[in-house]
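Quick note on the working numbering: the sequence shown kicks off at 4 and runs consecutively.
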Amino acid sequence: MDSEIDYIDIRLVTGERVLKPRNYVVGFCHFPGHKGGITRKILQEHDCLNKNCSFLEKYTDNQYWDELKRIQLKKSRRKNKIQTIKAEKAAIKRQFDAITSIYYEIALCIIEELGYDIKILDIKKVPQMRKYALIYISSNPYNDWYRYMELVHAFVSKTGLYLELKHAKNIDGSYATF
């Protein structure tokens with residue numbers, strides 16, 4: 004046997020007696036029914052850590068516990084990072100929804116001022132552009148966006164953003180009306 008490695012002769016909780024390096028045994032179980040040494044494998048099989056077993060004596064000088072703390076800390080940091088990212092995304096979405104609702108109200112006021120007979124279904128940001136798409140329905144069964152260009156001009160002057168008008172369509176492809 005190697006003189007630099009410290010060996011231990013110990014009875015495991017499984018009942019077998021082993022002569023192994025000291026770092027092989029990570030703890031000792033003091034439960035009267037099966038007193039003995041505990042290896043990493045036995046620790047996982049018996050689920051001692053998740054049970055918070057009061058009979059478990061940890062050999063804190065064993066490097067296993069340092070590794071376990073490092074892994075748990077890494078998981079905790081990852082979990083916190085994910086939670087932070089989710090919270091940031093939720094805050095951005097709330098802010099975006101608030102801005103979109105303001106633009107909705109602006110468009111609604113302009114429509115009332117101009118006396119247009121259209122109903123707004125939705126207003127959406129067009130990705131990667133400084134423009135919003137206003138989805139609407141009117142009494143005309145055709146694409147009549149060009150009739151409402153004053154709405155676009157007024158929206159641009161009030162917000163600085165371009166407004167794209169889109170007449171909503173039915174499932175069959177015809178333009179929706181009310």
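By construction, the Cβ of each residue, glycine as well, lies at the ideal position given by its N, Cα and C atoms.
Query	Result
Simplified DSSP state of Ser141, which is helix, strand or coil	strand
Under the three-state DSSP convention, the category Cys56 falls into	coil
Bounding residues of the beta strand (DSSP E) (the contiguous stretch that carries Leu22)	Arg20 to Pro24
Distance between Ile13 and Met4 (C-alpha atoms, nearest Å)	Residue placement at Met4 cannot be trusted, given a pLDDT of 49 that sits under 50; what the coordinates show is reported in the next sentence. Answer to the nearest angstrom: the Cα atoms are 16 angstroms apart.
Three-state class that DSSP yields for Asp125 in the structure shown	strand
Per-residue burial, Gly40 [other beta carbons within 10 Å of its own, 16 or more giving buried]	buried
CA-to-CA distance, Ile126 to Tyr2, given in whole angstroms	Shown here, the chain extends from 4 to 181; a query on residue 2 therefore has no answer.
For Phe99, the three-state DSSP class (helix, strand or coil)	helix
Expected contact under 8 angstroms - CB spacing of Arg25 and Asp9 to nearest Å	4 angstroms
Within 8 angstroms, strictly: CB atoms of Glu70 and Phe31	no
Ordered list of alpha helix (DSSP H) runs contained in the region 37–96, each at least 4 residues	43–49 and 51–54
Endpoints, the alpha helix (DSSP H) within which Lys161 is located	Met152 to Thr162
Simplified DSSP state of Glu116, which is helix, strand or coil	helix
Contact belief for Tyr119 with Leu154 at Cβ below 8 angstroms, rounded distance in angstroms	7 angstroms
Distance between Asp147 and Ile85 (C-alpha atoms, nearest Å)	46 angstroms
Distance CB(Tyr149)-CB(Ile123) smaller than 8 angstroms	no
Within 8 angstroms, strictly: CB atoms of Leu168 and Leu137	yes
Backbone CA spacing between Tyr151 and Pro130 [nearest angstrom]	23 angstroms
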